[in-house]
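Numbering (our numbering), first residue to last: 51 to 260.
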């Protein structure tokens with residue numbers, strides 16, 4: 051869903067093409083936190099019934115159980131809606147980074163004034179960690195601002211190439227992800243909410259939990 055416009059001359063809008071392909075092959079679609087930006091709802095591009103499962107309740111539960119005095123950090127202004135939702139459940143403050151993406155591996159990140167939160171542990175939450183350059187840049191800026199080593203949480207842990215090792219080397223308290231993609235960082239289980247969504251949307255009745 052990220053490729054919702056041509057970012058370079060000659061590129062296709064693969065979000066639309068992929069939606070048409072899946073719609074022609076599937077009766078329905080359940081997915082976790084798709085990257086929606088210029089496409090606001092899956093129904094704009096999918097012709098089959100869809101249901102979006104939110105990872106924010108599961109992320110909030112993990113943070114509440116594992117991080118004392120957290121400060122939620124969103125990667126950009128677009129993340130405010132779901133970062134604020136997680137922060138509300140956890141009962142902690144949140145702030146947003148300012149991000150300028152100049153390419154897949156060229157990301158400029160700036161951190162707002164955070165002096166009031168130096169006693170808290172930053173928790174950087176992003177929907178997709180692919181090259182991890184956004185997180186790596188954010189970690190560097192947080193260190194410069196005098197904040198503690200942050201936890202990094204990704205909903206979808208792609209971690210292309212050496213991205214996971216590079217993020218770990220940047221100086222983090224830990225790296226955590228949901229199990230939407232199998233990865234060594236998986237700590238947040240999404241199987242139950244996904245199974246619930248399948249039961250509601252498909253009408254097949256009880257989905258076996260293994």
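We treat Cβ as the ideally placed atom computed from N, Cα and C, and that holds for glycine.
Checklist entry - What is the DSSP secondary structure of residue 201, counted as helix, strand or coil? => result Under the three-state reduction of DSSP, residue 201 is assigned to strand.
Item to check | Start-end ranges of the alpha helix (DSSP H) lying completely within the stretch 75 to 129, minimum 4 residues | outcome: Look at the stretch 75 to 129 and you find these whole runs of alpha helix (DSSP H), each 4 residues long or longer: 106 to 116.
Checklist entry - Secondary structure at residue 145, three-state DSSP: helix, strand or coil? => result Secondary structure of residue 145 (DSSP, three-state): strand.
Checklist entry - Who pairs with residue 227 in a beta bridge, going by DSSP? => result Residue 227 pairs with 204, 236.
Item to check | Range covered by the beta strand (DSSP E) that runs through residue 178 | outcome: Element bounds for residue 178: 171 to 179.
Item to check | For residue 51, the three-state DSSP class (helix, strand or coil) | outcome: At residue 51 the pLDDT is 49, less than 50, meaning the model places this residue with poor confidence and gives no usable figure here.
Next on the checklist: Here's the rule I'm using: 16 or more other beta-carbon atoms within 10 Å means buried, otherwise exposed. How should residue 165 be labelled?
Outcome noted: Residue 165 should be labelled exposed.
Item to check | Straight-line Cα distance separating residue 102 from residue 84 | outcome: Going by the C-alpha atoms only, they are around 7 Å apart.
Checklist entry - By how many angstroms is the C-alpha of residue 89 removed from the C-alpha of residue 73? => result Roughly 16 Å between the two C-alpha positions.
Item to check | Residues near residue 196 by beta carbon distance below 7 Å, same chain, minus five either side | outcome: Within the same chain, residue 196 has close Cβ partners 168.
Checklist entry - How big is the Cα-Cα spacing for residue 77 and residue 176? => result For the pair residue 77 and residue 176, the Cα-to-Cα distance works out to about 30 Å.
Checklist entry - Does the separation of the CB atoms of residue 121 and residue 171 fall below 8 Å? => result Taking 8 Å as the Cβ cut-off, residue 121 and residue 171 qualify as a contacting pair.
Checklist entry - How many whole angstroms separate the CB atoms of residue 238 and residue 108, which I take to be in contact at a CB cut-off of 8 Å? => result In this structure residue 238 touches residue 108 by the C-beta definition: roughly 5 Å separates them, less than 8 Å.
Checklist entry - Quick check: the stretch 175 to 192 against the stretch 211 to 221, are there 3 or more CB pairs under 8 Å? => result The stretch 175 to 192 vs the stretch 211 to 221: in contact.
Checklist entry - Buried or exposed: residue 206, going by 16 or more other Cβ atoms within 10 Å of its Cβ? => result Looking at its Cβ environment, which holds 16 or more other Cβ atoms inside 10 Å, residue 206 is buried.
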